[in-house]
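All letters in the sequence shown, in the order written, are residues 1 to 183 by UniProt numbering. Don't be surprised by glycine CBs; every beta carbon is placed ideally from N, CA and C. Being a predicted model, the structure only gives us computed values, none of them experimental.
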Amino acid sequence: MRHHHVSLSGVVLLSLMAAGCAQEGESPGEVSGNVARAALIGADQTEYGEVIIAQGDNGLLVNITGKGLSPGPHGVHIHETGKCEGPDFKSAGGHWNPAGKAHGLDNPQGAHAGDFFNLDIGPDGAGALEATVAGGTLRDGDKALLDADGAAFVVHEGPDDLKTDPSGDSGGRIACGIFVGGR
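What follows is the structure, encoded as structure tokens:
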């Protein structure tokens with residue numbers, strides 16, 4: 001089993017920033033300070049969890065929480081366009097890939113900045129994953145997530161094989177969340 005490792009200080013930073021982001025009346029998909037969050041919504045408007053991304057000292061800290069999903073591994077990725085039009089969420093475009101790499105954390109030519117290990121969902125339909133995007137930023141530089149058209153986060157129906165371009169043979173897109181912003 002593989003995991004992205006985040007230092008304890010990174011987890012504490014992400015938790016504190018996420019708590020400060022969730023203000024009364026604020027809707028998912030909004031950016032507050034150094035934190036962006038997106039609700040993961042299916043084509044039928046079912047909520048399948050949330051993604052919170054915070055700016056850390058050395059990159060982006062990512063916290064993915066899934067709920068109501070089928071048990072087993074699911075490919076999860078940041079996509080290049082902040083659009084989630086059902087039923088297939090193809091409007092989110094390809095994976096966020098500012099460095100022009102190939103797909104997959106096991107690909108010697110990869111990986112996209114938006115590639116992660118699989119989100120493992122338990123028998124209760126829930127799961128969580130914490131990861132980092134080294135060198136990534138929310139708004140500034142060549143690896144800025146929130147460019148003029150924002151970004152999206154997609155959950156796929158099956159596992160990502162971590163090497164096959166362009167999406168790890170992870171199947172259809174079953175949930176999508178939008179990060180809005182702009183420089």
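Over the uninterrupted beta strand (DSSP E) stretch that includes residue 184, give me the two end residues.
Coverage of the chain is limited to positions 1 through 183, which leaves residue 184 absent and any answer about it impossible.
Measuring straight from C-alpha to C-alpha, what distance separates residue 218 and Gly33?
One cannot answer for residue 218 here, as it falls past the ends of the chain, which runs 1 to 183.
Identify every residue that forms a DSSP beta bridge with Ile174.
According to DSSP, which records beta bridges pairwise, Ile174 is partnered with nothing at all.
Does the ligand GTP have a heavy atom nearer than 6 Å to the CB of Ala43?
Absence of the ligand GTP from the depicted structure is noted, as is the absence of any ligand whatsoever, leaving it without description.
Where Ala144 sits in the DSSP three-state scheme:
strand
Pull up the distance between the alpha-carbon of residue 232 and that of Pro108, whole angstroms please.
The structure shown does not extend to residue 232, since the chain is modelled only from 1 through 183, so no value can be given for it.
In the DSSP output, which residue or residues are listed as bridge partners for Leu162?
Note: Leu162 sits in no beta bridge, so no partner.
Go ahead and label Gly150 buried or exposed: buried means 16 or more other beta carbons lie within 10 angstroms of its beta carbon, across all protein chains shown.
buried
What is the rounded straight-line gap between the Cα of Asp120 and the Cα of Arg173?
16 Å
Taking just the CA atoms, how far does Asp44 sit from Gly136?
32 Å
For a quick check, are the C-beta atoms of Asp165 and His79 less than 7 Å apart?
no
On the three-state DSSP scale, how would you describe Ala54?
strand
Beta-carbon separation of Gly100 and Thr81 under 7 Å?
no
Which of helix, strand or coil does DSSP assign to Ala38?
strand
Could you give the distance in angstroms between the alpha-carbon of Ala152 and the alpha-carbon of Gly122?
24 Å
Extent of the continuous beta strand (DSSP E) to which Asn63 belongs:
59-66
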